[in-house]
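Peer 1: All letters in the sequence shown, in the order written, are residues 867 to 1039 by our numbering.
Got a structure here, written out as structure tokens. Questions coming.
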Amino acid sequence: VYAGAVSTVEVLNTESKQWYSLKSLQLPEPIYLCDMTISSGYVYIGGGVNAAQKATKSYWRLPWSAVQQSVQSRDDTSLPVTWEKIADSPFIGSSLLPNSKLPVLFGGGDGKTRSDIFVYDPTQKRWTAVGNISTECTRPCVVSINSNSVFVCGGYIYNKSCTNKTELLTMCL
């Protein structure tokens, strides 16, 4: 049974092995199948599907220090926390690279699958195209191998099927 998108943020206490919700950090809107990364002192989150069951291009960021403060204060909801709306991603179904210097999106679509790679520039407040992956697809799995290599695998091609392609990209991250 489908239960719907959520806007909660939860943290695992690794000592007690218990999860707890951080009400002070609730997301700006309920989403699922979203991406999240920590980059240059910020948590970036977005993409995925919203409560209306529509794929979204929306992205937000929050200073990592706000997350740390919320955890340390045991979720003091009187502390002001505001997610900053940033530029929408160029396409739906893109994958966000975890733990890179700047947020990087791979693939996605706009009625057809795409191979584009975009980097978010927080000073310009926009996504900029920087290259392509070899296979047009949505939701590929992406991971940094080291400071200049990214492993990309899988993904979905509109009106076809999943792909089993893999590639190793060399990028200046």
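Cβ atoms here follow ideal geometry from the backbone N, Cα and C, with glycine treated the same way.
Remember, predicted model here, so these are calculated numbers, not experimental data.
1) Let's test the definition: count the other Cβ atoms within 10 Å of the Cβ of valine 867 and tell me whether it reaches 16, buried, or not, exposed.
2) If we count the other Cβ atoms within 10 Å of its Cβ and call it buried at 16 or more, is glycine 1021 buried or exposed?
3) Are leucine 968 and serine 924 closer than 8 Å when you measure CB to CB?
4) Could you spell out where the alpha helix (DSSP H) holding glutamine 938 opens and where it closes?
5) Kindly list the residues whose CB is nearer than 6 Å to the CB of proline 1006, restricted to its own chain and excluding five residues on each side of it in sequence; keep chain order.
6) Determine, using beta carbons only, whether leucine 928 and tryptophan 949 come nearer to each other than 8 Å.
7) Since alanine 995 is in the beta strand (DSSP E), which residue starts that stretch and which ends it?
8) For serine 873 versus valine 947, is the C-beta distance shorter than 8 Å?
9) Since leucine 888 is in the beta strand (DSSP E), which residue starts that stretch and which ends it?
10) With the cut-off set at 8 Å, would you say alanine 918 and glycine 870 are in Cβ contact?
11) Taking 6 Å as the limit between beta carbons, can you name the residues of its chain near glycine 997, skipping five residues before and five after?
12) For asparagine 1025, which option in Pro988, Gly977, Ser882 and Leu899 has the closest C-alpha, if you only look at C-alpha atoms?
13) Using the C-alpha atoms, what's the distance from leucine 899 back to tyrosine 910?
14) Do you know whose CA, among Ser944, Ser936 and Thr903, lies nearest serine 887's CA?
15) Does the beta-carbon of glycine 859 have 16 or more other beta-carbons within 10 angstroms, so that it is buried, or is it exposed?
16) Can the beta-carbon of valine 985 be found less than 8 Å from the beta-carbon of valine 1009?
17) Nearest to threonine 1001 by alpha carbon, out of Gln990, Leu1035, Asn1012 and Ser1015?
Peer 2: Quick look at the numbers:
1) Per-residue confidence for valine 867 stands at a pLDDT of 36, beneath the threshold of 50, marking its modelled position as unreliable; the derived number appears in the next sentence. Counting Cβ neighbours within 10 Å, valine 867 comes out exposed, since fewer than 16 surround it.
2) buried
3) no
4) 930-938
5) Ser961, Phe972, Gly973, Val1018, Gly1020 and Gly1021
6) yes
7) 992-998
8) no
9) Premise fails: leucine 888 is in no beta strand (DSSP E) and is neither H nor E.
10) no
11) Ile983
12) Gly977
13) 14 Å
14) Ser936
15) Nothing in the structure corresponds to residue 859, since the chain is present only between 867 and 1039.
16) no
17) Leu1035
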